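Going by the UniProt record's numbering, the sequence shown opens with residue 1, and the numbers climb by one from there.
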Amino acid sequence: MTGFIRRLFGSKPKDNAQPPQQFVQRGEYFLDPNEAKTYGNYEYMKKSFAIRHTFPKTKSREALETVVEVSSDKMVKRNLSGGSQAAAKPESKLDSRPISQPAPRRRSSDTGMDIFRNMARDIKK
Numbered sequence: 001m002t003g004f005i006r007r008l009f010g011s012k013p014k015d016n017a018q019p020p021q022q023f024v025q026r027g028e029y030f031l032d033p034n035e036a037k038t039y040g041n042y043e044y045m046k047k048s049f050a051i052r053h054t055f056p057k058t059k060s061r062e063a064l065e066t067v068v069e070v071s072s073d074k075m076v077k078r079n080l081s082g083g084s085q086a087a088a089k090p091e092s093k094l095d096s097r098p099i100s101q102p103a104p105r106r107r108s109s110d111t112g113m114d115i116f117r118n119m120a121r122d123i124k125k
């Protein structure tokens with residue numbers, strides 16, 4: 001019975017077993033310049049992808065759609081009419097003063113937690 005199982009699972013007698021071969025590195029290994037710059041496929045990273053965002057129609061305006069082409073080194077926004085404009089276009093400044101934000105209002109404290117706060121203070125003492 002053991003001979004059948006040995007033949008079935010392919011175990012070899014120990015005297016016929018071959019020793020494992022050692023890996024020998026031959027020569028030096030260098031990456032080509034594009035692979036050395038990045039951790040992956042350089043051409044895939046340069047490829048641009050189009051991302052389309054659509055927004056529903058509202059009372060004040062009709063439906064809005066924006067298309068953005070993104071790659072690893074640039075981003076281009078496209079209008080609905082098909083024209084393109086660079087995303088790095090400098091915006092015109094009408095007023096150089098910084099817009100001051102009003103300070104957020106502080107919430108009023110809740111007295112419902114006072115009992116627990118007092119107990120916590122007593123534990124610390």
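Every residue, glycine too, gets a C-beta built ideally from N, C-alpha and C. Note that the structure is predicted; figures quoted are calculated from it, not measured.
Inclusion of Phe49 and Val70 in the CB contact set at 8 Å is warranted, their separation being smaller than that value.
Going by C-alpha positions, Lys124 is about 28 Å away from Arg106. Per DSSP, the beta-bridge partners of Phe55 are Leu64.
In the three-state DSSP reduction, Ala103 falls in the coil class, being neither helix nor strand. DSSP places Arg7 inside the alpha helix (DSSP H), whose first and last residues are Thr2 to Phe9. With distances taken between CA atoms, His53 lies nearest to Arg78 out of Asp73, Arg78, Met45 and Lys74.
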